[in-house]
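Below: the structure, in structure tokens.
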Amino acid sequence: MSKRTALVTGCSDDGMGSALAIALHSAGFRVIASARDVNKLSEVRSRGIETVALDVQSEKSIQEAVLQVSDLTGGSLDVLINNAGIGYSAPLSDTSITKSKEIFDVNVWGLLSTTQLFLPLLLQSKKNPMVVNNTSIDSVISAPFSGVYNASKAAAAMITGNLRLELSSFGIKVIDLKAGGVKTKFWVNANQVEPKLPPNSLYTAASTSIEKCMRGEQYDANAVDRHTWAKAVASDISKSSPPLKIWRGDSAFLIWIGTFLPMTAFDSTLKKMTGLAELEKQIRVQGKDKIVADSGFVNKALHRAGLVASSS
665 MSKRTALVTG CSDDGMGSAL AIALHSAGFR VIASARDVNK LSEVRSRGIE
715 TVALDVQSEK SIQEAVLQVS DLTGGSLDVL INNAGIGYSA PLSDTSITKS
765 KEIFDVNVWG LLSTTQLFLP LLLQSKKNPM VVNNTSIDSV ISAPFSGVYN
815 ASKAAAAMIT GNLRLELSSF GIKVIDLKAG GVKTKFWVNA NQVEPKLPPN
865 SLYTAASTSI EKCMRGEQYD ANAVDRHTWA KAVASDISKS SPPLKIWRGD
915 SAFLIWIGTF LPMTAFDSTL KKMTGLAELE KQIRVQGKDK IVADSGFVNK
965 ALHRAGLVAS SS
């Protein structure tokens with residue numbers, strides 16, 4: 665029997681996607697790895713893995729990738745792994761709506777568009793076809809200062825659940841991959857420049873602790889090696905009856921346990937990890953009114969709403 669073919673999106677060098685492509689290749693899959701910039705696919709190419717260009721924000725790019733994959737496979741695809749995604753760190757009160765729309769374009773609409781356009785190839789598969797969506801453990805926790813990213817992943821998780829039901833009648837499995845902490849350059853790539861609180865943020869009083877969180881440093885200490893993570897995920901995917909949700913990576917098991925607990929179960933821990941505990945300490949010492957006044961946030965917000973004239 666010929667190998668099952670898997671397409672993995674978001675396979676740029678040193679990331680989770682490239683590690684997963686390599687692990688699947690080692691597990692006996694024929695793997696096609698993709699990224700927006702094919703020049704960043706050297707890691708998978710060095711392992712003899714086939715590559716295609718695929719920008720999930722561009723329907724034209726996805727269409728071209730579908731044609732290429734169809735030519736390579738004879739018109740079918742067994743496994744589609746939607747791994748491409750981007751992150752964003754900012755308090756929701758300071759969040760750029762323009763940037764937020766870009767996050768959803770990639771993490772939600774890019775995922776759905778890619779699935780829609782590759783569906784004809786998946787329908788031709790005779791080898792246990794499946795879609796695997798990397799929705800991350802961030803889809804189920806309210807982690808401060810990554811609210812837009814979390815919301816995009818929660819939306820992706822809901823789409824994944826709906827796809828699971830809608831495609832089950834056609835014999836296509838849909839799996840929700842809840843990736844925990846994995847050592848990659850995700851936060852560096854996500855922010856491109858070192859993230860900082862904007863001027864006049866409500867959170868300025870605890871900026872040092874909060875900006876450390878925005879850089880993702882709180883996730884680094886216990887994050888698992890990406891190849892170790894990928895090998896475990898590849899093993900899960902290879903099973904004849906894979907789990908509907910795959911929890912792999914640092915804190916994944918803990919977050920799974922948390923889904924059975926009250927919503928506030930991790931609030932104290934999250935506040936300590938993200939700098940909110942430090943902010944609350946400053947509020948207790950100085951008072952809320954002073955913290956708010958010193959930040960300049962109210963005047964900035966009123967100016968944005970057109971209720972105060974800009975100072976000359």
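Take my numbering: the final residue in the sequence shown is number 976, and no numbers are missing along the way. Yeah, the Cβ is synthetic: ideal placement off N, Cα and C, and Gly gets one too. In this text, all values refer to a predicted model and were calculated from it rather than measured experimentally.
- Taking all protein chains in view, the Cβ of Gly845 is crowded by 16 or more other Cβ atoms within 10 Å, so the residue is classified as buried.
- Between the alpha carbons of Met937 and Leu705 lies a gap of roughly 34 Å.
- The region 802-885 is shown to contain whole beta strand (DSSP E) runs of 3 or more residues at 837-843, in chain order.
- The DSSP assignment places 890-902 as complete runs of the alpha helix (DSSP H) inside the region 888-912, in order along the chain (cut-off: 4 residues).
- For Arg694, the enclosing beta strand (DSSP E) starts and ends at 694-699.
- Counting C-beta atoms within 10 angstroms of its own C-beta, Arg890 has 16 or more neighbours from the protein chains shown and is therefore classed as buried.
- For Thr762, the enclosing alpha helix (DSSP H) starts and ends at 761-768.
- Here Lys935 has Ala941 as same chain residues with Cβ atoms under 6 Å from its own Cβ, once five neighbours each way along the sequence are excluded.
- At a Cβ-Cβ threshold of 8 Å, Thr669 and Val804 do not count as neighbours.
- Between the alpha carbons of Leu718 and Leu943 lies a distance of about 42 Å.
- When DSSP states are grouped into helix, strand and coil, Thr715 belongs to the strand group.
- A direct Cα-to-Cα measurement between Thr933 and Leu786 gives close to 42 Å.
- Scanning its chain for C-beta atoms nearer than 6 Å, with the 5 sequence neighbours on each side dropped, one finds around Glu707 the residues Asp677, Ser682, in chain order.
- In this structure Thr872 is exposed. Its beta-carbon is surrounded by fewer than 16 other beta-carbon atoms within 10 angstroms.
- Looking only at Val733, Lys724, Lys667, Glu723, the smallest Cα-Cα distance to Ala697 is reached by Val733.
- By the C-beta density criterion, Glu858 is exposed, having fewer than 16 other C-beta atoms within 10 angstroms.
- Take Gly951, set aside five residues on each side of it, and no residue of its chain has a beta-carbon closer than 8 Å to its own.
- Rounded to the nearest angstrom, the Cβ distance from Ala815 to Thr799 is 12 Å, too far for a contact under 8 Å.
- If the five residues before and after Ser777 are omitted, its C-beta is found closer than 8 Å to the C-beta atoms of Val720, Glu723, Ile726, all from its own chain and listed in chain order.
- Going by C-alpha positions, Thr673 is about 12 Å away from Val702.
- With contacts defined by Cβ atoms closer than 8 Å, Leu841 and Ile910 form a contacting pair.
- Taking the Cα positions, Glu881 is about 30 Å away from Ile823.
- Relative to Pro755, the option among Gln780, Ser666, Leu866, Thr762 whose CA is nearest is Leu866.
- Val812 places its beta carbon 8 Å or farther from that of Ile750.
- Taking Leu827 as the centre and dropping the five residues before and after it, the same chain places the C-beta of Val838 closer than 6 Å to its C-beta, in chain order.
- Separation of the CB atoms of Asp958 and Leu861 is rounded to 13 Å, and the pair is thereby denied contact status at 8 Å.
- At a Cβ-Cβ threshold of 8 Å, Lys667 and Arg694 count as neighbours.
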